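K.L.:
In my numbering, the protein residues as written are 16 to 492. For each residue, glycine too, the CB sits at the ideal point set by N, CA and C. The model shown is predicted, which means the values in this text are computed figures rather than measured ones.
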RNA sequence: UCCCUUGUAGCUCAGUUGGUUAGAGCAGUGGACUGUUAAUCCAAAGGUCGUAGGUUCAAGUCCUACCGGGGGAGCCA
């Protein structure tokens, strides 16, 4: 019977006859005996198969190359060698699939992440990407677990959206028109002849629909793919990414912050308890990676220390106004080190956020109550008339990991804001109905799933924490 | 989109102020080896130096453009 390696390695029982199927990581050995590291993806660890050369013959052994798929029947025994607890003494070997050694690109050696990015379909077979993907899964599972246990409902906001005024970024257009022959009428493109009868796009946010869910089911969350057609070429942006957006009726900004903080702590803690091997491997990987960096650029804490630190410490909570005051009093500002000048009303730049998070507080920081002019129309206008009930959660190395707010519940105030920003109210009539009928305070936030995975894995490029990244000029696989 | 940086063997890299036939490690191939741990040892093989122009007696090296990669910025999650 086939056993997964993860199961086998957690057993204490030797002498059992088992079948293992997996892919060859390395083969080594001498004249009489060969050792094959088999990995089946269930765990970081490979199982060493011990193969008597005489018993199986040179011809079979030659076919066992890095990347080949094997089925091995054998006896699980305590290992004679030092590198592992157990090994599988082979009794029968079936080659399920060959991997031509000349052309298989993944070698048992260190590859650069850049090279592996070009082989995204095969990089998943490396220790690093196996670990990342298992952690990613654990985080996704933890997201559902957290919300389910807190009484939230998983709410499926649409991927295809017809509202073209969400203002969260450039949108991808969807059409069924023959692009070489787009129908026109006197007003231009004849959208009424297209599939949906009007211009439609891929969603840039499920929030507005999420609010409808919250204003009926009480508390909901979305967790789905999100698309931005921005020409962003950075290590923190993807054209297709996964976003988590909880929305809670009757919550205010403070509740929202509490939810965000406990949520992040919960999901990180789940990986600490369930992904120890993978996290330890990623921690080691990071240490090796940073050896080539000057001391000043290395992280002060190891990966696991950072994760525990986030779980065990309260996030700093300051208002935008306090943050600006802090920046004005900071050394880099006084010495003129900031590229962008600081004054009340500006949108905080990366360098400002970095200073607060990485230099000043050295903790996750929640900044609230931003000037209304630099935030979205749906955020609740504060009593001062100048700021809104927004909150951004900033993480070291990542920047903004969460953006959220208490929503404007008052219809008239919301209409004024929409007019100021230039969003025609007819476009969002359905959304405004939440304020017309039984409006109530409510709040929510959006969390970029890949940014969370970045933080937990210690990776530095967002293209390495999603199986098949989509970025400008790149949609392979 | 802007700024910086980079492109040499399958991979990771070296290649001096421009100078003769471009090197190494790893992988792969052939062989050796008493249970290996990124096994080890020996041997042969592997290159249009990103592409196109230009400067020069001479270009991997200098200049220009384009293409690809990376980092930073903007936009954001």
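Give me, in chain order, the residues of the same chain whose beta-carbon lies closer than 8 Å to that of residue 289; leave out the 5 immediate sequence neighbours on both sides.
P.N.:
To locate residue 289, count along the first chain from 1; it is residue 274. 153, listed in sequence order.
K.L.:
Once the 5 residues before and after residue 446 are set aside, which same chain residues still bring their CB inside 6 Å of it?
P.N.:
Here the question's residue 446 lines up with position 431 in the first chain. Excluding residues within five positions, the ones whose Cβ falls inside 6 Å are 223.
K.L.:
What alpha helix (DSSP H) runs, 4 residues minimum, are completely inside the stretch 155-213?
P.N.:
Those alpha helix (DSSP H) runs which fall completely within the stretch 155-213 and span 4+ residues do not exist here.
K.L.:
Using 9 Å as the threshold, is the C-beta distance between residue 341 and residue 375 below it?
P.N.:
Sequence index remark: in the first chain, residue 341 carries index 326 (1-based). Sequence index remark: in the first chain, residue 375 carries index 360 (1-based). In this structure, residue 375 lies closer than 9 Å to residue 341 by Cβ.
K.L.:
Rounded to whole angstroms, how far is the Cβ of residue 24 from the Cβ of residue 80, which I believe are closer than 8 Å?
P.N.:
One-based indexing of the first chain puts residue 24 at position 9. One-based indexing of the first chain puts residue 80 at position 65. Between residue 80 and residue 24 the Cβ distance is about 24 Å, and since that is not below 8 Å, they are no contact.
K.L.:
Could you compute how far the alpha carbon of residue 174 sits from the alpha carbon of residue 184?
P.N.:
For the purposes of this step, residue 174 is identified with residue 159 of the first chain, where counting begins at 1. For the purposes of this step, residue 184 is identified with residue 169 of the first chain, where counting begins at 1. Looking at the two C-alpha atoms, the distance is approximately 15 Å.
K.L.:
Under a Cβ-count criterion, where at least 16 other Cβ atoms within 10 Å of its own Cβ denotes burial, should residue 254 be classed as buried or exposed?
P.N.:
Looking up residue 254 in the first chain gives position 239. Its Cβ being crowded by 16 or more others within 10 Å, residue 254 is buried.
K.L.:
For residue 41, report the span of its beta strand (DSSP E) as first-last.
P.N.:
Here residue 41 refers to the residue found at position 26 when the first chain is read from its first residue. Unbroken beta strand (DSSP E) run through residue 41: 32-44.
K.L.:
What does the alpha-carbon distance come out to for the pair residue 243 and residue 26?
P.N.:
Stepping through the first chain from its first residue, residue 243 is reached at position 228. Stepping through the first chain from its first residue, residue 26 is reached at position 11. About 46 Å.
K.L.:
Output the distance between the C-alpha atoms of residue 87 and residue 98, rounded to the nearest integer angstrom.
P.N.:
In the first chain, the residue the question calls residue 87 occupies position 72. In the first chain, the residue the question calls residue 98 occupies position 83. So the two alpha carbons sit approximately 20 Å from each other.
K.L.:
Check whether the Cβ atoms of residue 418 and residue 460 sit closer than 9 Å, and answer yes or no.
P.N.:
To locate residue 418, count along the first chain from 1; it is residue 403. To locate residue 460, count along the first chain from 1; it is residue 445. Their beta carbons are under 9 Å apart, which means residue 418 touches residue 460 by this criterion.
K.L.:
Under the three-state reduction of DSSP, which class applies to residue 480: helix, strand or coil?
P.N.:
Translated into positions along the first chain, residue 480 becomes position 465. Reduced to three states, the DSSP call for residue 480 is coil.
K.L.:
If you run the structure through DSSP and keep just helix, strand and coil, what is residue 392?
P.N.:
In the first chain, residue 392 corresponds to position 377, counting from 1. Looking at residue 392 - three-state DSSP - the assignment turns out to be coil, as it is neither helix nor strand.
K.L.:
Measuring alpha carbon to alpha carbon, tell me which of 332, 343, 339 ends up nearest residue 380.
P.N.:
Position 365 of the first chain, counting from 1, holds the residue named residue 380. When only C-alpha atoms are compared, the closest one is 332.
K.L.:
Just how far apart, CA to CA, sit residue 473 and residue 348?
P.N.:
Looking up residue 473 in the first chain gives position 458. Looking up residue 348 in the first chain gives position 333. Roughly 29 Å separates the two Cα atoms.
K.L.:
So if DSSP puts residue 281 in a beta bridge, which residue, or which two residues, is it bridged to?
P.N.:
What you label residue 281 is simply residue 266 of the first chain in a count that begins at 1. Bridge partners of residue 281: none, in fact.
K.L.:
Bridge partners for residue 85 per DSSP, in chain order?
P.N.:
As a position in the first chain, residue 85 is number 70, starting the count at 1. Residue 85 pairs with 37, 110.
K.L.:
Can you name, in chain order, every residue of its own chain whose Cβ lies under 7 Å from the Cβ of residue 216, other than the five neighbours on each side?
P.N.:
As a position in the first chain, residue 216 is number 201, starting the count at 1. 176, 179, 186, 187, 188, 189, listed in sequence order.
K.L.:
Please go through the same chain and pick out, in chain order, the residues whose beta-carbon is closer than 7 Å to the beta-carbon of residue 246, but skip the five residues on each side of it.
P.N.:
Residue numbering aside, residue 246 sits at position 231 when the first chain is read from its first letter. Answer for residue 246: 487, listed in chain order.
K.L.:
Of all the options 410, 95, 449, 193, which has the alpha carbon lying nearest to the alpha carbon of residue 251?
P.N.:
Locating residue 251 in the first chain gives position 236, counting from the first residue. Of 410, 95, 449, 193, the residue nearest in Cα terms is 410.
K.L.:
Could you check where the alpha helix (DSSP H) with residue 445 kicks off and where it finishes?
P.N.:
In the first chain, the residue the question calls residue 445 occupies position 430. Run containing residue 445: 444-451, per the alpha helix (DSSP H) assignment.
K.L.:
When you compare only the Cα positions, how much space is there between residue 271 and residue 405?
P.N.:
Working through the first chain from its first residue, we reach residue 271 at position 256. Working through the first chain from its first residue, we reach residue 405 at position 390. Computed Cα separation, rounded: 10 Å.
K.L.:
Measuring only the C-alpha atoms, how far is residue 343 from residue 369?
P.N.:
Numbered from 1 along the first chain, position 328 holds the residue referred to as residue 343. Numbered from 1 along the first chain, position 354 holds the residue referred to as residue 369. Taking the straight line joining both Cα atoms gives about 14 Å.
K.L.:
Tell me whether the beta-carbon of residue 172 lies closer than 9 Å to the beta-carbon of residue 218.
P.N.:
Here the question's residue 172 lines up with position 157 in the first chain. Here the question's residue 218 lines up with position 203 in the first chain. Against a cut-off of 9 Å, the Cβ pair of residue 218 and residue 172 comes out as a contact.
K.L.:
Would you decide whether residue 28 is buried or exposed? Buried here means 16 or more other CB atoms lie within 10 Å of its CB.
P.N.:
Reading the first chain from its first residue, position 13 is the one you call residue 28. Exposed.
K.L.:
Using CA coordinates, which residue listed in 479, 273, 240 is at the minimum distance from residue 259?
P.N.:
Indexing the first chain from 1 puts residue 259 at position 244. Nearest C-alpha to residue 259: 240.
K.L.:
Where DSSP assigns a beta bridge to residue 422, which residues make up the other side?
P.N.:
Walking along the first chain from the start, residue 422 turns up at place 407. Note: residue 422 sits in a beta bridge opposite 394.
K.L.:
CA-CA distance, residue 140 and residue 310?
P.N.:
What you label residue 140 is simply residue 125 of the first chain in a count that begins at 1. What you label residue 310 is simply residue 295 of the first chain in a count that begins at 1. Going from the Cα of residue 140 to the Cα of residue 310 covers about 32 Å.
K.L.:
Are there three or more Cβ pairs, one per stretch, closer than 8 Å when the stretch 88-95 is compared with the stretch 68-78?
P.N.:
No, the stretch 88-95 does not touch the stretch 68-78.
K.L.:
When the Cα atoms are used, what is the spatial distance from residue 279 to residue 453?
P.N.:
Against the first chain, residue 279 aligns to sequence position 264. Against the first chain, residue 453 aligns to sequence position 438. When rounded, the distance between both Cα atoms is 31 Å.
K.L.:
In the DSSP assignment, what are the bridge partners of residue 241?
P.N.:
For the purposes of this step, residue 241 is identified with residue 226 of the first chain, where counting begins at 1. Looking at the DSSP assignment, residue 241 forms a beta bridge with 256.
K.L.:
Alpha carbon to alpha carbon, what distance is there between residue 256 and residue 395?
P.N.:
As a position in the first chain, residue 395 is number 380, starting the count at 1. As a position in the first chain, residue 256 is number 241, starting the count at 1. Looking at the two C-alpha atoms, the distance is approximately 27 Å.
K.L.:
State yes or no: is the C-beta of residue 207 within less than 9 Å of the C-beta of residue 262?
P.N.:
Walking along the first chain from the start, residue 207 turns up at place 192. Walking along the first chain from the start, residue 262 turns up at place 247. No, Cβ-Cβ distance for residue 207 and residue 262 is not below 9 Å.
K.L.:
Would you check if the distance between the CB atom of residue 275 and the CB atom of residue 408 is smaller than 9 Å?
P.N.:
Start at 1 with the first residue of the first chain, and residue 275 comes out as number 260. Start at 1 with the first residue of the first chain, and residue 408 comes out as number 393. Contact: yes.
K.L.:
Do the CB positions of residue 399 and residue 335 come within less than 9 Å of each other?
P.N.:
Here residue 399 refers to the residue found at position 384 when the first chain is read from its first residue. Here residue 335 refers to the residue found at position 320 when the first chain is read from its first residue. No, the pair does not count as a contact, with Cβ atoms beyond the cut-off.
K.L.:
Report the CB separation of residue 287 from residue 322 in whole angstroms; it is logged as a contact under 8 Å.
P.N.:
Position 272 of the first chain, counted from the start, is the residue given in the question as residue 287. Position 307 of the first chain, counted from the start, is the residue given in the question as residue 322. Yes, they are in contact, since the Cβ atoms of residue 287 and residue 322 sit about 6 Å apart, within 8 Å.
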